[in-house]
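Report on one structure; see the data block that follows.
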Amino acid sequence: MLSFSELIYFIVPLVIASTVPLALVALGALFSERSGVVNIALEGIMLMGAFVGALTIKNLEINDDKKLLSFYENDFVPYVEVYVEEEFDKTVTLAENSFYVDLNLTQAQYDKMIEDVNAHFNGDISDQEVNTIATSKTFKSISDSIQDVKTQRYAIIGILVGALVGIVFSLLHAFASINMKANQIISATALNMFAPAFAIFTARQIFETQKVTILRNYRITSVPLLGDIPVIGDLFFKGAYLSTYLGIAIFVIAVLVLYKTKWGLRLRSCGENPQAADSLGINIYKIRYAGVMVSGALAGMGGVIFVLSFAANFNATVSGFGFLALAVLIFGNWKPGRIIFAALFFASMRVLGSVHTLIPFLEELKLQPQIYAMIPYIATLVVLAITSKNSAAPRAAGEPYDPGKR
Amino acid sequence: MINKFKYEFGFLPLFILFALVAPLIFDVNTSTGNIIYSTVLVVILFSYIGLRFKDWVVNNIIDAVFYALLFNVIFILPGFFKDNETLLSADRFVLIVMTIAFIIYKLVGKLKASKSQRLSENKTLVDLSGSVISIIIGLLFGLVIMLIFNPSQAFEGFWIILQGGFNEGFRSLGNTIYFAVPIILTGLSVAFAFRTGLFNIGASGQFTMGAFVAIFIGVKWGFIADINPLLHWFVAVFFAIIAGGIWGAIPGYLKAFNNVNEVVSSIMLNYIAMYINVLLIKKYIYNTAYNRTYDILSSSETPGLNLQHLFPNSSINGGIVVAILTVYLLHVILNKTTFGFELKAVGLNKSAAKYAGMNSKVNIVKSMAIAGGVAGLAGALTYLVAGKFLIPETVILSQGFTGIAISLLGLSSPIGVLFAGLFFGYLQQGGYYLQLLDFKPEIIDIIIAVIIYLSALSLFIQKFVIKGLKRRDDKNQQSEVIEGSDV
Numbered sequence: 001m002l003s004f005s006e007l008i009y010f011i012v013p014l015v016i017a018s019t020v021p022l023a024l025v026a027l028g029a030l031f032s033e034r035s036g037v038v039n040i041a042l043e044g045i046m047l048m049g050a051f052v053g054a055l056t057i058k059n060l061e062i063n064d065d066k067k068l069l070s071f072y073e074n075d076f077v078p079y080v081e082v083y084v085e086e087e088f089d090k091t092v093t094l095a096e097n098s099f100y101v102d103l104n105l106t107q108a109q110y111d112k113m114i115e116d117v118n119a120h121f122n123g124d125i126s127d128q129e130v131n132t133i134a135t136s137k138t139f140k141s142i143s144d145s146i147q148d149v150k151t152q153r154y155a156i157i158g159i160l161v162g163a164l165v166g167i168v169f170s171l172l173h174a175f176a177s178i179n180m181k182a183n184q185i186i187s188a189t190a191l192n193m194f195a196p197a198f199a200i201f202t203a204r205q206i207f208e209t210q211k212v213t214i215l216r217n218y219r220i221t222s223v224p225l226l227g228d229i230p231v232i233g234d235l236f237f238k239g240a241y242l243s244t245y246l247g248i249a250i251f252v253i254a255v256l257v258l259y260k261t262k263w264g265l266r267l268r269s270c271g272e273n274p275q276a277a278d279s280l281g282i283n284i285y286k287i288r289y290a291g292v293m294v295s296g297a298l299a300g301m302g303g304v305i306f307v308l309s310f311a312a313n314f315n316a317t318v319s320g321f322g323f324l325a326l327a328v329l330i331f332g333n334w335k336p337g338r339i340i341f342a343a344l345f346f347a348s349m350r351v352l353g354s355v356h357t358l359i360p361f362l363e364e365l366k367l368q369p370q371i372y373a374m375i376p377y378i379a380t381l382v383v384l385a386i387t388s389k390n391s392a393a394p395r396a397a398g399e400p401y402d403p404g405k406r
Numbered sequence: 407m408i409n410k411f412k413y414e415f416g417f418l419p420l421f422i423l424f425a426l427v428a429p430l431i432f433d434v435n436t437s438t439g440n441i442i443y444s445t446v447l448v449v450i451l452f453s454y455i456g457l458r459f460k461d462w463v464v465n466n467i468i469d470a471v472f473y474a475l476l477f478n479v480i481f482i483l484p485g486f487f488k489d490n491e492t493l494l495s496a497d498r499f500v501l502i503v504m505t506i507a508f509i510i511y512k513l514v515g516k517l518k519a520s521k522s523q524r525l526s527e528n529k530t531l532v533d534l535s536g537s538v539i540s541i542i543i544g545l546l547f548g549l550v551i552m553l554i555f556n557p558s559q560a561f562e563g564f565w566i567i568l569q570g571g572f573n574e575g576f577r578s579l580g581n582t583i584y585f586a587v588p589i590i591l592t593g594l595s596v597a598f599a600f601r602t603g604l605f606n607i608g609a610s611g612q613f614t615m616g617a618f619v620a621i622f623i624g625v626k627w628g629f630i631a632d633i634n635p636l637l638h639w640f641v642a643v644f645f646a647i648i649a650g651g652i653w654g655a656i657p658g659y660l661k662a663f664n665n666v667n668e669v670v671s672s673i674m675l676n677y678i679a680m681y682i683n684v685l686l687i688k689k690y691i692y693n694t695a696y697n698r699t700y701d702i703l704s705s706s707e708t709p710g711l712n713l714q715h716l717f718p719n720s721s722i723n724g725g726i727v728v729a730i731l732t733v734y735l736l737h738v739i740l741n742k743t744t745f746g747f748e749l750k751a752v753g754l755n756k757s758a759a760k761y762a763g764m765n766s767k768v769n770i771v772k773s774m775a776i777a778g779g780v781a782g783l784a785g786a787l788t789y790l791v792a793g794k795f796l797i798p799e800t801v802i803l804s805q806g807f808t809g810i811a812i813s814l815l816g817l818s819s820p821i822g823v824l825f826a827g828l829f830f831g832y833l834q835q836g837g838y839y840l841q842l843l844d845f846k847p848e849i850i851d852i853i854i855a856v857i858i859y860l861s862a863l864s865l866f867i868q869k870f871v872i873k874g875l876k877r878r879d880d881k882n883q884q885s886e887v888i889e890g891s892d893v
C-alpha cells in the first residue's frame, strides 16, 4: 500500500493529464455553442484529430528510427566492433524499435563518438543533442536522449496536425448547419459515425490492424528548474507531458479571446441573438464558421493530447471523451471557470475508477470501477434536471440563422 | 365493409399468416414451390402497400404482380451464375419473359401517366428521390475511397457491394434480413420519436438495457420454460421492452417536466447504460472462461418459424416477423389513432396542442417510452439467438446510431424505415463479401455515414430535385398545349 504522499504524487499528475483534454474540448464546445451552433460532433472530430495526429507522430518516429538504425548499422556497429568486440557479442540485442548496448567507453572514445554522431546526422541535430548523446553511457540512452529532445518536437507537430484536421473536419459540420440550415444533431451524428469508420478502415487497410502505435514515451521526467521546487515540483512538474502544459496555455488564451476581445463579444452575441447582432453589421455566417472551426481545432488538439497522455496506441476510440466534454460544458454551465472545475471533477472520477484499489478507504467500499466512471454522467443528469430552468445555455444555439425571424 | 377491413387491418396479417403457414402446407424447397411461395408473399405485401398509399409507386394488383415477378427474377438471377444445374429451367424462362413483358408494359403506362400530373408537387416522389440521390452519392464516395486505397480491385469490390445480399443467393439474402432486424427496430424507435418532435439519440442505451434484460432472463429464468417452453421467449422479450421503455421514459420525463434537452440527457443515459451493463453482466451472468455472457437457454431463442427452409444455411429467424408487425403497429398508432395524432400534434406545436386540450407533457413521456420500448425489443431480438453474447466492455453498441441513419433514410415513416433497414442490411452483406478482396468491411460504415450527412442536407438536395421536376413538368405542359392546338 502506498503512503499518503506517494498516493498524492501518483494521482495528481494523472488527474491533470486527463483534465486538460476534457477542458480543452469542452472549451471547443463552448466556442461553437456560444456562436450558435450545437456541436455534438466533437467525439468524431477528436477521433479524427487523434487518428491523423497519431499517424503523423508514428511516421516521424519511424523516419527517425530509420536514421537511428542506419546510424547503428553503418557507424555504430563497426565502431563498437573495433573497440569492444567481446562485449558486443554478449550484450547487444537489436529489438524492433530500441537498441540496447551496454558499453563502458573511455573519454577518448566518447570524443570520437561525438564526431561520428555529428558526421552521421550531417548537422541535422543541435550541439546540445550531440552532447547528450556523447555523455550517455549506453546506446539505449543515446537513442533515448535523441528522442527526449526530438520527441517533444514530434508531439507538438502531432498536436498541430490534429488541430488542422479538426478544423477541416469541422468545416463539414459548419457547412451543413450554417449554409444548408441542416439539423445540427443529424450532421454531427454523421460525422461521429464517419470518424471511427474512416479511422478503422484506413488503419486496417494500411497496417492490417486498427491500432496506430506510438513507439515512444512522451513523458517529461522532470521539468528543468520548476521540477526542483519541493512539493509543487513533485506534484505538477514531474512525469508530466509537454502537451498538458501546452493545453493549459491554449485554454487560457482561448478564454481571453472569448471574453476580452471585440471578436469574442461578437461571437457570444451571435449565440444569444443573431438577429440583433446582424442589425449591428456583424456577419453571422462568418462568426459562426469561426466558432465551429475553433471548436474543431480545440477538439482535434484534445484528441492528440488524449492519445499522447493515455495510450501508447490509438485504437480508433477516444473513450467517449468528446461526449464527456459535452457533459463538462453543461455541468460547467457554459462558463470557462466552471468548466475547469467540472473537468477536474470528471477527470478525478475517471482516475479514481482506475486507481481506487490503491486508496484505503475506497478499497473498503469495494465499489466496481464502472460506478466511478458512471458518476460524471449521473451528476450531469442531476445538474441538468435541477438547473435547466436557469441555465446559461446560449439562447440561439442549435437554431439555423434566419434573418427574417425576430 | 371491405374498405373498412382494408383500412383497419390491411393485408399485413394475411402476409404473415401465409408466410407462416405455407411452408407447412407445401414443400417450398423445390424451385416451383419457391416461386409460388415468394410470388404470393410479394403479391400480398405489395397489394397491401398499394392500397394503403394511393400516391405510391404501387397502386393496383397488376403492379403488385409485376413487382412479385421482378422480385422473383432478382431472386433467381444470381442462381444462374452460381450453379449451372439450374440454368434456365422452363419455369424460370417463362418467369423472365413475363417480367420483361411487364416492364415494357409498365414503362409505356408510366410515360402516358406522367403527362397528366405535375411531378414536382408529389411530395413522396421528391422525398424519395432525395433519399435515392443521397444513396447514390454515398456509394460513389465509397467507390472513390476504394479507388484511392486499392485501385486495381476497386470496381470489382464496388460490384460486390452493389450485389450485397445477392452475393450468395438465398443464404446471403436470409442473412440480410437477419442483420436488418435490429436496425429496423432501432430505426423505428428513432423515427417514432422524431415524428413526435423528439430526437432519440439514446436508442443505443435503450438497446443495451433491453439486450441485458433479455439475456438475463434467457440465462436465469429457466423455470418459466418448465411451465411452457414458448412462454420463456415471450417473457424475455416483454421485460426487455419494459427495460428499454423505462430507459426511454427517463429523458422523456426530464424533457417534459424539467425542460432538459432530450439529446443531451439521452447521450448521458447511453453511457450510464453502458457502464450499468458491464456491472450487471459481471455480477450476474458473466462467463469468465470466455469473457462474455453465458449461453441463453434454448427455450428463450427467437423461434425460427421455418424461415430457414426458404433461406437455407442463413441465420434468419422469426425476428423479421416481429419487426414487420412492429412496423405495422407503429404505422397504425401514428396514422390511424387519436393517440398518434396527439403525439404528432405535440411534436409539431407544443403550445397549440396544449391549447387544444392535449396533455403535452404526458404525451412526451409516453412517446419516448414507446420509442425506448422498441429499441429494447431490438436488443432482445439481437441477443436472443444461439451463439450471440454480450461482452462486458465499455463500448457503446452501434445499432442505436445506425438506427438514426435508417430513420433518416426512411423519411421517419415506419414503412420507409422497414425498407431502409433492409437496404442497410443488404449493404452490410456486401461489406461482408468484400473481404474476399483486399478490402475491409468498414467501408460500408463510411458509405452509411456519408449517406446520413447527405440526408442532413436533404432540404438542399430536394430543392434541386424539385427544380428538375418542375422543368420537366413545364415541358410536358407545353407539349400538351402544342398537341392540343394541333387538334
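Protein sequences appear in the order of chains R and L.
Using the working numbering, read the first sequence as starting at 1 and increasing by one per residue.
Using the working numbering, read the second sequence as starting at 407 and increasing by one per residue.
For glycine and all other residues, C-beta sits at the position ideal for the given N, C-alpha and C.
- DSSP places Val165(R) in the helix class (H, G or I) of the three-state scheme.
- A straight line joining the alpha-carbon of Leu803(L) with that of Ser610(L) spans about 6 Å.
- Considered as a whole, the segment 683-767 of chain L harbours 713-716, 725-742, 744-754 and 756-761 as its complete alpha helix (DSSP H) runs of no fewer than 4 residues, in chain order.
- At a beta-carbon threshold of 9 Å, the residues of chain R lying near Leu660(L) are Leu381, Leu384, Ala385 and Ser388, ordered along the chain.
- The three-state secondary structure of Gly239(R), taken from DSSP, is strand.
- The criterion of a C-beta distance shorter than 8 Å is not satisfied by Gly271(R) and Ala188(R).
- Judged by their CB atoms, Gly158(R) and Ile250(R) are not nearer to each other than the 8 Å cut-off.
- Within the segment 279-305 of chain R, no residue has a Cβ lying closer than 9 Å to any Cβ of chain L.
- Ala54(R) does not reach chain L, its nearest Cβ partner there being about 17 Å away, counting only Cβ pairs nearer than 9 Å.
- Close partners of Met180(R) in chain L (Cβ separation under 8 Å): Ala862, Leu863, Leu865 and Phe866.
- Scanning its chain for C-beta atoms nearer than 7 Å, with the 5 sequence neighbours on each side dropped, one finds around Phe825(L) the residues Gly816, in chain order.
- With a cutoff of 8 Å on beta-carbon distance, Thr800(L) and Met680(L) are scored as near each other.
- Every unbroken stretch of the alpha helix (DSSP H) spanning 4 or more residues and falling wholly within the segment 319-360 of chain R is given here in chain order: 321-331 and 336-355.
- Residues of chain L with a Cβ closer than 9 Å to the Cβ of Arg204(R) are, in chain order, Lys846 and Glu848.
- Taking C-beta atoms as the reference points, Phe169(R) and Leu191(R) count as a pair closer than 8 Å.
- Here the C-alpha atom of Gly746(L) lies approximately 19 Å from the C-alpha atom of Lys661(L).
- Collapsing the DSSP output to three states places Val856(L) in a helix.
- Between the C-alpha atoms of Ala347(R) and Gly725(L) there is a straight-line separation of about 42 Å.
- A straight-line Cα-Cα distance of about 6 Å links Ser354(R) and Pro369(R).
- Scanning its chain for C-beta atoms nearer than 6 Å, with the 5 sequence neighbours on each side dropped, one finds no residue around Leu754(L).
- Taking 8 Å as the cut-off, the Cβ atoms of Gln805(L) and Thr582(L) do not count as close.
- For the pair Ala325(R) and Leu14(R), the CB atoms are not nearer than the 8 Å cut-off.
- When C-beta distances to chain R are compared with 9 Å, the residues of the segment 803-817 of chain L below that value are Ser804, Phe807, Thr808, Ile810, Ala811 and Leu814, in chain order.
- Taking C-beta atoms as the reference points, Gln835(L) and Asn573(L) count as a pair closer than 8 Å.
- In terms of CA proximity to Ala54(R), Phe314(R) leads the group Ala385(R), Phe314(R) and Tyr372(R).
- Between Pro718(L) and Gly571(L), the alpha-carbon positions lie close to 14 Å from each other.
- A distance below 7 Å between beta-carbons, with the five flanking residues on each side excluded, links Ala182(R) to the following residues of its chain, in chain order: Ala176.
- In the DSSP assignment, Ala397(R) falls outside any alpha helix (DSSP H), carrying neither H nor E.
- Here Ile62(R) is exposed, its C-beta having fewer than 16 other C-beta atoms within 10 Å.
- A check of alpha carbon separations from Tyr372(R) across Leu875(L), Gly650(L), Asn667(L) and Val684(L) identifies Val684(L) as the nearest.
- The alpha-carbon of Met193(R) is positioned some 10 Å away from that of Ile853(L).
- Across the set Ile722(L), Ile567(L) and Asp851(L), the C-alpha of Ile722(L) shows the shortest separation from the C-alpha of Leu711(L).
- For the C-beta of Tyr681(L), the chain R residues within less than 7 Å are, from N- to C-terminus, Gln370, Ala373 and Met374.
- Closer than 8 Å to the CB of Gly158(R) there is not a single CB belonging to chain L.
- The count of Cβ pairs closer than 8 Å, one atom from the segment 612-627 of chain L and one from the segment 765-785 of chain L, reaches three, so the stretches are in contact.
- Of the candidates Asp278(R), Arg219(R), Trp334(R) and Ile178(R), the residue whose Cα lies closest to the Cα of Gly404(R) is Asp278(R).
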